[in-house]
Structures are given as structure tokens and as C-alpha cells.
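What follows is a single structure, written as C-alpha cells, with notes after it.
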Amino acid sequence: MHMSARYCLVPVQSDPTRLCKDSVGEDSLAVVPGGETATPSFYRERKLSRKQLRKLAKQEKEYERELDRPPIEMTAQAQEMAQIQVVLGSRGLCIDQVEPDGHCLFRAIVRQLRPIIFSNRFDGCFPEANAETRTMLTAWRRDQDELQQVWSLRAVLASLMRRQATEFLPFIANDEDQGLKDGTSASESEPVERLMRYCERLEKSACWGGQPELCAIALALACRVEVYGDPAVLPGGLLVMGSDATPTEQGNELPGVLRVSFHRQFFTLGEHYHAVVVAKDATAESVNVSIKE
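UniProt numbering puts the last residue of the sequence shown at 293; the count rises by one with no breaks.
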């Protein structure tokens with residue numbers, strides 16, 4: 001009988017992971033009638049069970065819900081930082097990050113004074129600085145250790161506050177004092193006594209600086225001090241102390257201006273200050289400011 005059908009060879013499906021072997025070790029082949037290539041079952045599309053289909057549908061719904069969720073709310077620190085950076089960016093300024101060690105305000109000022117002092121531009125930038133301040137700060141050329149310069153700046157400010165006590169008594173009136181050694185409370189002690197104790201802590205401990213110290217810096221150097229912050233905290237995002245001179249429109253290039261940013265939310269431990277510099281002078285660290293806990 002004549003066979004008109006054509007034949008092709010395909011692997012035998014005895015094990016879906018490998019071809020069968022015949023007794024002599026060669027691949028066993030199956031003869032399939034027809035002229036088209038047959039597709040082995042282990043190449044065919046896998047069929048999902050009902051359980052697997054239900055699981056896949058559930059995962060797809062969860063993914064869609066995730067896409068529809070609103071973005072996670074910014075933390076208070078991130079919101080504050082964003083507002084401050086908007087204020088600075090509009091003025092061609094940016095943050096130069098300072099570590100939190102109790103000296104942050106003083107380090108922020110020291111890092112702006114160092115290049116001025118080391119390049120012998122102190123007199124040009126601060127021509128009206130008082131003599132004691134000039135002598136103590138220009139001595140930094142002999143000792144370039146930043147922490148020692150921080151202590152030197154603290155001493156300069158404490159000395160000025162003692163000499164001009166009446167300027168600072170209003171700031172110290174509500175100072176949180178732990179009391180005298182004899183048990184006398186701060187409210188019972190004389191205002192001048194409280195100021196003297198305040199100055200001693202300022203000079204000899206890593207206590208935080210604030211508005212009294214910023215005012216002292218402006219007085220000691222006879223300069224303009226700009227404090228930038230969240231407009232919700234500082235009206236307009238800027239508080240100016242000292243000289244009322246205004247920066248030029250060409251990149252804030254006014255000699256003798258010291259700038260810091262005030263952060264109420266930056267660290268969970270409390271308030272913090274960073275240095276603020278003209279954007280073109282910023283380092284890589286200045287641009288990427290991370291939020292610290």
C-alpha cells in the first residue's frame with residue numbers, strides 16, 4: 001500500500017527536561033505524520049491554575065492601588081529645608097553644611113572668616129572692627145586649627161558682651177540658669193550676675209549660640225550679619241543684624257557680610273545653624289544637604 005503522507009522528526013516527550021536516549025545512546029526520535037513542524041509539549045505556553053490566576057489578579061490590584069496613592073508627606077525637616085533653599089536660591093546663595101556639635105553657629109562664622117583672614121583681607125572687609133577683635137582674630141594666621149578658632153571667637157564675643165553689658169541684658173533676662181552654688185535661683189540673682197555667668201558658659205563650654213551671639217558678632221566686627229530661615233519662622237526669610245548696607249545685585253558681593261541659615265527642625269535635638277555662601281563659591285558638600293536625625 002502506497003503511503004502518501006509526509007513525515008518529520010521531533011523529540012519524544014518522555015521527560016520534559018531532556019531528550020530520551022535509546023539503547024545505543026543516541027537521541028530517540030518520534031515520527032509524526034504531516035508536513036508541519038510539531039511543537040513539543042514542554043515548549044507550549046504554561047497554563048495557570050485558578051489559584052495562581054486569583055493570586056496574580058490580587059497582585060495587579062495592589063500595584064494599581066500603590067500607583068494611585070498620594071506621595072508620602074515631606075517631613076518637617078525637609079519642608080523647612082525646601083523653604084530655606086527657595087529663599088537662598090532667589091539670592092544666588094546656598095548652604096555650606098556645618099556639623100552639629102554645639103559649636104555650629106560659631107563654626108559657620110569661622111568658616112567665612114578664615115579665607116578673609118588667611119588672605120590678609122580682614123582690614124578691607126571689616127575696617128571698623130574694634131581693636132581687640134582684630135588682634136584676636138588675625139592671630140588665627142599662626143594657628144589654623146578650626147576648633148581653636150571657634151574657642152577664640154567665643155572668647156571675643158564673651159569679652160565684648162561683658163564690656164557692653166547693657167546691650168545684652170535684655171537677651172539674657174530670661175536665660176535658663178541652673179542657679180548659683182548657694183542655691184539662689186536665676187530670678188533672684190542680679191541681671192549683671194546672670195550675664196556674667198552666661199558669658200562664662202559661652203566662653204568655656206560648647207553651649208549653643210543664638211541671637212545674643214549674632215548681635216555680638218555684628219558689633220565686634222561692625223558688619224552686617226544675615227540670618228536666613230523658613231519664612232514661617234523669619235518674616236520674609238531674612239533677619240538682618242548690624243550694618244544696614246544692602247548687597248549688590250551682582251551676586252551679593254558685599255565685603256564683610258556674614259551669612260548663616262537658621263534651622264528649627266533640622267535636627268531632632270534642637271535648633272541648628274549652617275553657613276551660607278555665594279553659590280559660585282559652593283563646594284559639592286554645600287549643594288547636597290542631607291536631613292539629619
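For each residue, glycine too, the CB sits at the ideal point set by N, CA and C.
Cβ contact annotation for residue 102 (same chain, cutoff 7 Å, sequence separation greater than five): 206, 207 and 208, in chain order. Distances from the CA of residue 149 to each of 161, 163, 164 and 133 were compared; the closest alpha carbon is that of 133. For residue 195, the closest C-alpha among the options 280, 143, 171 and 260 is that of 171.
Judged by DSSP in its simplified three-state form, residue 265 adopts strand. By the neighbour-count definition (other C-beta atoms within 10 Å, threshold 16), residue 86 is an exposed residue.
DSSP, reduced to helix, strand and coil, places residue 234 outside both helices and strands of the structure shown, so it counts as coil. By the Cβ criterion, the region 105-116 is in contact with the region 271-278, since at least three pairs of Cβ atoms, one from each stretch, lie closer than 8 Å. The beta carbon of residue 260 sits closer than 8 Å to those of 105, 108, 109, 214, 225, 226, 227, 228, 273, 274, 275 and 276, all from its chain and outside the five residues before and after it, given in chain order. Cβ neighbours of residue 140 within its own chain (closer than 6 Å, five residues either side excluded): 117 and 149. Each residue's CA atom was taken as its position, placing residue 230 and residue 135 some 36 Å apart. A straight line joining the alpha-carbon of residue 82 with that of residue 202 spans about 31 Å.
Of the residues 236, 162, 197 and 145, the one whose Cα lies closest to the Cα of residue 90 is 236. As for any beta strand (DSSP E) of minimum length 3 sitting wholly inside the region 69-120, the runs are 93-96, ordered along the chain.
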